[in-house]
Amino acid sequence: MVVSGPLSVVGLEPDPQPQSVSRLYRIVAVDDRGRVAEQSVMAAVGWLPGQRLSIGVVAGSIVVRSDPAGVFRLARRGHLPLPATARRWTRLEPGQRVLLTADSEQSVVVVSTLASLERMLSEHHAAVLGGGAS
């Protein structure tokens, strides 16, 4: 079905928060070796292959920071290792898709499961659709 003519904007309000320019978001799959790769995310935080990293789990997400004393490294081809312990704590399996958030101001990458993203967005979607949080 093709719709022509102006779109109705009844009930639409401008977004009260400007878009963040310090964050970049990408959805990627965890590979069979427990890694994720997205060059634009690594570029956004200024990380190059060999970059030392510290990796931990905070509030159900994997948080990766640049750390000169870190025991993990960004792989030669830009693959970001997700340690088995972190994958276990967040219930991540190979093939699962995750949201990568690169925060260039803090030089940090947050890896969130789609299940955690669903929890984060459910209240917002309920408000947008006119109902209560589910």
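The numbering of the sequence shown is the numbering used here, which starts it at 6 and goes up by one.
Beta carbons: idealized from backbone N, C-alpha and C, even for Gly.
| Query | Result |
| --- | --- |
| Beta-carbon gap between ASP72 and ARG92 smaller than 8 Å | no |
| ALA80 versus SER127 - alpha carbon distance | 35 Å |
| ALA48, DSSP secondary structure in three states | helix |
| Pair within 8 Å by beta-carbon distance, LEU85 and ARG102 | no |
| THR90 in three-state terms, based on DSSP | helix |
| Same chain, Cβ closer than 8 Å to ARG40, neighbours up to 5 away in sequence not counted | ALA80, HIS84, LEU85, PRO86 and LEU87 |
| Complete runs of the beta strand (DSSP E) confined to the segment 41-85 [at least 3 residues] | 57-63 and 66-71 |
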